[in-house]
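Note sheet for the following structure.
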Amino acid sequence: MNFDIGDGVDSAVNYILDNFGPLLDFIAATIGLVTNSIQDALLAIPMPVGLAVFVALSLWRVGPGFAVFTGLSLWLVEHMQLWPAMMETLSLVIASTIIAMVIGLPLGIAMARSDRVAAAVRPVLDLMQTMPAFVYLIPAAMFFGLGAVPGTIATVIFSMPPVVRLTNLGIRQVHVEFIEAGNAFGCTASQLLFKVQLPNAMPSIMAGINQTIMLSLSMVVIASMIGAGGIGNTVLTGIQRLDVGTGFEGGIAVVILAVILDRITQSLGRKRAGIWRVLFQKTARQETAEAAA
Amino acid sequence: MVFATENDLSAQPTSTKISIKNVYKVFGERPQKALDLLSQGKTKSDILAATGCSIGVNNASFDIKAGEIFVIMGLSGSGKSTLLRLLNRLIEPTSGSIEIDGRDITRMPRRELIELRRRDISMVFQSFALLPNRNVLNNVAFGLEVAGIGESARKEKALAALKAVGLDGYSESRPDQLSGGMKQRVGLARALASEPTILLMDEAFSALDPLIRTEMQDELVRLQAEHSRTIVFVSHDLDEAMRIGDRICIMQNGHVVQVGTPDEIVLNPANDYVRSFFRNVDVSRVFRAGDIARKTQVTLIERQGMSAAAALERMKNFDREFAIIVGRDKAYHGIVSQTSLVEKVRAKAADPYRNAFLPEVEPILASEPLSNVLGKVAGSSWPVPVVDDENRYVGSISKSALLETLDRAS
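Structure, rendered in structure tokens:
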């Protein structure tokens, strides 16, 4: 017996295309506005200023050693002529992460507050994560054509699960005595959420956001197949022409961006390093050593 | 200072603050079925097997008076923490009524309940439950903040509460920078900041080491003396219960087994479970000198013209070596022994009683805890007389009586 699921999916896509045109246009316009304005803003920044901002962020959030790495690696990207492509990729990552957070945080909160919502959402998240990433490209391209908008949408679908899961997990793991304390002192449901649950779930939520950023970076490269642009194009060109050198250059640039984003966003979950400590070149490890001595 | 000066009229020791009637708490999916089985006299384990429900609190009924420290005691799993949480409905009761100031809180709508928690009831937790993302001041001000009190007013109240627990100067510290005892002082300050009439304390001092625990108990009693609140204190430690409790409620398997003053419970335990609690208790802290003083010694009333020979005769008749001399108003005068009395009679002393008084006998006050007088009794060669506040003779404590009392504890 044959089930023709593929046909069913095809006709569903066609049905949506025929009947929800205005809605699709609205979504496309909204996402396009977010993506394009971020992209325009990033591309308008001159390279030296952009590089300086990254180095300063690395110094502030991570430490002097990492700031040196950031400076050198971005200088390398510039000399591979990949700076504009990298900014395009970065803008796609930022746009899709923002959208993933706007949808994912409330969804994670809803999951944490209701076992039923959690039970309903969990299989969908599993599906989103395990489905081969290329599969999202097809409906995204069909609904929204080619370009940055379908690329962003496919990226959001692929990268959203971690922020949802870890928001849910983080809130559920808040110690029961904190919840009791909140309730005992007369919190309403929303006060409990904003004053007790979310602040205490922050490390977990930040880890989720970090994972979402990493996943969206990997998806943005794949999304170049439907014209999302950015470093993905370089990699794609390398594949199409069997040009190992070009492909490798693109790959290096992606890795550099990934490392920088990872280290900086990871540090957001921790306490701020403190600008004074950075200026005096004193790391936390040195301080512990001094205290021990 | 708000805490010291405010005179709360509801804190009359006689009026009922919290009244608990036939309260049940069943955990699980089918509470009604479990209650039915319970009324048929089924045991906890039968009900668990039949319905998957466990009985947390089983038909609890008692009153808590305004201004008293009411200790709920029991082993872990006895339902004491559950019972405490029913009082502010952190746990919803399955049936029964809980009245606070005459209002049944079990039927209270959610909004009123939140009001009640903000205004009247606050809570101190075993593991402190200080929010790690807030500094000490903002932790203390937490209850005021959620109640919507303005920033300057709540800061002022929070600082006053911190001062009351002796932590002024720590308002900018983070909770993880404080020791356990200090953390619980912050927890106490947070509970006091909203000036509640009821304080629920869940094993509040159990996580602290013994010295700090005693210090915190004293602190609580001191705060209670400054401004009396109704305190419901959950503990598994009888020593603690005896030290701070005006009355104690003992729970076993969800049942309230006994409610009474510390003395009542020690002198008259309801069953072996209750008795088992103070097998390890230091009885000398529980009892006062007056509790074990016995009038087994011969007492002689001193009056004009009483012959020493008659007194000696009585002592011999009762086979007693010592006699206590009291006045007509029962006032304690002194203690004599046969030997000292015979000596004075032979020497034809003018006033044989007075001169025969044994030296270095200081009577003990009846209100003195037994632990304070152990040395005095043990070091004395004769029974030590005990007097009340007005110097009236209450009885005496012999070494053998003392040993017997201490032995009961072990």
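Just so you know, the sequences run in chain order X and F. So that you can map any letter, position 249 of the first sequence is 249 in the numbering used here, and since no number is skipped, the others follow by simple counting. One gets the numbering used here by counting positions in the second sequence from 1 and adding 1000 to each. In this text, a Cβ means the ideal position worked out from N, Cα and C, and glycines have one as well.
Please name the residue, chosen from Ser1276(F), Thr1230(F), Glu1226(F), that lies closest to Ile1250(F) on a Cα-to-Cα basis. Here the question's residue 1250(F) lines up with position 250 in the second sequence. With distances taken between Cα atoms, Ile1250(F) lies closest to Ser1276(F).
Please say whether Val1387(F) and Pro1363(F) have beta carbons closer to each other than 8 Å? Start at 1 with the first residue of the second sequence, and residue 1363(F) comes out as number 363. Start at 1 with the first residue of the second sequence, and residue 1387(F) comes out as number 387. Yes.
In three-state DSSP terms, what is Gln286(X)? One-based indexing of the first sequence puts residue 286(X) at position 286. Legend: pLDDT at Gln286(X) = 48, less than 50; position of this residue unreliable, value from coordinates given subsequently. Reduced to three states, the DSSP call for Gln286(X) is helix.
Using a Cβ cut-off of 8 Å (strictly closer), state whether Ala181(X) contacts chain F. Residue 181(X) sits at position 181 when you count from the first residue of the first sequence. By this cut-off, Ala181(X) is an interface position.
Assuming contact is defined by CB atoms lying nearer than 8 Å, are Ser58(X) and Ala44(X) in contact in what I supplied? Within the first sequence, the letter at position 58 stands for residue 58(X). Within the first sequence, the letter at position 44 stands for residue 44(X). Result no, Cβ atoms of Ser58(X) and Ala44(X) do not sit closer than 8 Å.
Can a CB atom of chain F be found closer than 8 Å to the CB of Pro203(X)? Position 203 of the first sequence, counted from the start, is the residue given in the question as residue 203(X). Closer than 8 Å: no.
Chain F within 8 Å of Pro161(X), Cβ atoms only: Here residue 161(X) corresponds to residue number 161 of the first sequence, with the count starting at 1. The beta carbon of Pro161(X) sits no closer than 8 Å to any beta carbon of chain F.
Residues in the segment 184-203 of chain X with C-beta within 8 Å of chain F's C-beta atoms, listed in sequence order? Within the segment 184-203 of chain X, the qualifying residues are Ala184, Phe185, Gly186, Cys187, Thr188, Gln191, Lys195, Val196, Pro199, Asn200, Met202.
In the DSSP assignment, find the unbroken beta strand (DSSP E) run with Thr1299(F) in it and report its ends. For the purposes of this step, residue 1299(F) is taken as residue 299 along the second sequence, with counting starting at 1. Here the beta strand (DSSP E) through Thr1299(F) covers 1298-1301.
Quick one: what does DSSP say Tyr1332(F) is sitting in, helix, strand or coil? Residue numbering aside, residue 1332(F) sits at position 332 when the second sequence is read from its first letter. Of the three classes helix, strand and coil, the one that applies to Tyr1332(F) here is strand, per DSSP.
Nearest-angstrom Cα separation, counted from Ser267(X) out to Gly145(X): For the purposes of this step, residue 145(X) is identified with residue 145 of the first sequence, where counting begins at 1. For the purposes of this step, residue 267(X) is identified with residue 267 of the first sequence, where counting begins at 1. So the two alpha carbons sit approximately 37 Å from each other.
Which residues in the same chain as Val1140(F) place their Cβ atom closer than 7 Å to its Cβ, once the five residues preceding and following it in sequence are excluded? Numbered from its first residue, the second sequence carries residue 1140(F) at position 140. Counting only Cβ-Cβ distances below 7 Å, and skipping sequence neighbours, we find Ala1158, Ala1161, Leu1162, Val1186, Ala1189, Arg1190, Ala1193.
Could you tell me whether any Cβ in chain X is nearer than 8 Å to the Cβ of Ser1122(F)? The count along the second sequence starts at 1 and reaches residue 1122(F) at position 122. Judged by the 8 Å Cβ criterion, Ser1122(F) is in contact with chain X.
8 Å CB neighbourhood of Arg1314(F) in its chain, flanking five on each side removed: By 1-based counting over the second sequence, the position of residue 1314(F) is 314. Excluding positions up to five away in sequence, the list reads Val1298, Leu1300, Ala1323.
Got a sec, what are the start and stop residues for the beta strand (DSSP E) Asp1063(F) sits in? Locating residue 1063(F) in the second sequence gives position 63, counting from the first residue. Segment 1054-1065, the beta strand (DSSP E) holding Asp1063(F).
Status (buried if at least 16 other CB within 10 Å, exposed otherwise) for Tyr136(X): Locating residue 136(X) in the first sequence gives position 136, counting from the first residue. Classification for Tyr136(X): buried.
Quick one: complete beta strand (DSSP E) runs, 3+ long, within the segment 1196-1224 of chain F? 1198-1202
Assuming Thr212(X) contacts Ala100(X) under a Cβ cut-off of 8 Å, what Cβ separation, rounded to an integer in Å, is found between them? For the purposes of this step, residue 212(X) is identified with residue 212 of the first sequence, where counting begins at 1. For the purposes of this step, residue 100(X) is identified with residue 100 of the first sequence, where counting begins at 1. Rounded to whole angstroms, the Cβ separation of Thr212(X) and Ala100(X) is 5 Å, and the two are in contact under 8 Å.
Looking only at its own chain, which residues have a Cβ that is under 6 Å from the Cβ of Phe1205(F), when we skip the five neighbours before and after it? As a first step, residue 1205(F) is located in the second sequence; it is residue number 205 there, counting from the start. Closer than 6 Å at Cβ, skipping near neighbours: Arg1213, Met1216.
Just checking: is the beta-carbon of Phe1142(F) within a distance shorter than 8 Å of some beta-carbon in chain X? Residue numbering aside, residue 1142(F) sits at position 142 when the second sequence is read from its first letter. Taking Cβ atoms only, chain X reaches closer than 8 Å to Phe1142(F), which makes this a yes.
Between the Cα of Tyr1024(F) and the Cα atoms of Leu1144(F), Gly1254(F), Ile1072(F), Ala1293(F), which residue gives the shortest distance? The residue labelled residue 1024(F) in the question sits at position 24 within the second sequence. Closest option to Tyr1024(F), Cα to Cα, is Gly1254(F).
Would you please state the rounded distance, in angstroms, between the beta carbons of Arg1294(F) and Ser1367(F)? I believe it to be under 8 Å. Translated into positions along the second sequence, residue 1294(F) becomes position 294. Translated into positions along the second sequence, residue 1367(F) becomes position 367. Incorrect: roughly 17 Å between the Cβ atoms, too far for contact.
Taking Cβ to Cβ, would you say Asn1088(F) is nearer than 8 Å to Asn1059(F)? The residue you call residue 1088(F) lines up with position 88 of the second sequence. The residue you call residue 1059(F) lines up with position 59 of the second sequence. No, the Cβ-Cβ distance between Asn1088(F) and Asn1059(F) is not below 8 Å.
Do the CB positions of Ile1292(F) and Ile1397(F) come within less than 8 Å of each other? Here residue 1292(F) is taken as the residue at index 292 of the second sequence, counted from 1. Here residue 1397(F) is taken as the residue at index 397 of the second sequence, counted from 1. A contact, by the Cβ cut-off of 8 Å.
Drop a sphere of 10 angstroms on the beta-carbon of Asn15(X), count the other beta-carbons inside from all chains shown, and report buried for 16 or more, exposed for fewer. Looking up residue 15(X) in the first sequence gives position 15. The residue you asked about is not Asn; residue 15(X) is Tyr in the sequence shown. The residue is exposed, with fewer than 16 neighbouring Cβ atoms inside 10 Å.
Alpha helix (DSSP H) runs contained entirely in the segment 1115-1143 of chain F, provided each spans 4 or more residues: 1136-1140
Here's the rule: buried if 16 or more other CB atoms are within 10 angstroms of the residue's CB, otherwise exposed. What is Lys1316(F)? For the purposes of this step, residue 1316(F) is taken as the residue at position 316 of the second sequence. Under this definition Lys1316(F) is an exposed residue.
Are the C-beta atoms of Val9(X) and some chain F residue less than 8 Å apart? Residue numbering aside, residue 9(X) sits at position 9 when the first sequence is read from its first letter. Val9(X) does not count as touching chain F.
Determine the burial state of Leu1151(F): buried for a count of at least 16 other Cβ atoms within 10 Å of its Cβ, exposed for fewer. Working through the second sequence from its first residue, we reach residue 1151(F) at position 151. Before going on, a small fix: residue 1151(F) reads as Glu here, not Leu. Exposed: under 16 other Cβ atoms inside 10 Å.
In terms of residue numbering, what span does the alpha helix (DSSP H) encompassing Ser1412(F) cover? A query on residue 1412(F) cannot be resolved here, the shown segment of chain F reaching from 1001 to 1410 and no further.
Limits of the unbroken alpha helix (DSSP H) element including Val62(X): As a first step, residue 62(X) is located in the first sequence; it is residue number 62 there, counting from the start. Val62(X) -> no alpha helix (DSSP H), and no H or E assigned at all.
For Arg105(X) and Val164(X), what's the separation of their Cα atoms in angstroms? By 1-based counting over the first sequence, the position of residue 105(X) is 105. By 1-based counting over the first sequence, the position of residue 164(X) is 164. Going by the sequence as given, residue 105(X) is Leu instead of Arg. Roughly 6 Å between the two C-alpha positions.
Report yes if the CB atom of Ile1244(F) is closer than 8 Å to the CB atom of Gly186(X), and no otherwise. If you number the second sequence from 1, residue 1244(F) lands on position 244. If you number the first sequence from 1, residue 186(X) lands on position 186. No, the pair does not count as a contact, with Cβ atoms beyond the cut-off.
Reduced DSSP secondary structure (H/G/I, E/B, other) of His990(F): Residue coverage of chain F in this structure runs from 1001 to 1410, which leaves residue 990(F) outside it and unanswerable.
Reducing DSSP to helix, strand and coil, say where Ser159(X) ends up. Walking along the first sequence from the start, residue 159(X) turns up at place 159. Note: Ser159(X) maps to helix in three-state DSSP.
Identity of the residues DSSP links to Thr1016(F) by a beta bridge: Taking the first residue of the second sequence as 1, we reach residue 1016(F) at position 16. Looking at the DSSP assignment, Thr1016(F) forms a beta bridge with Lys1065(F).
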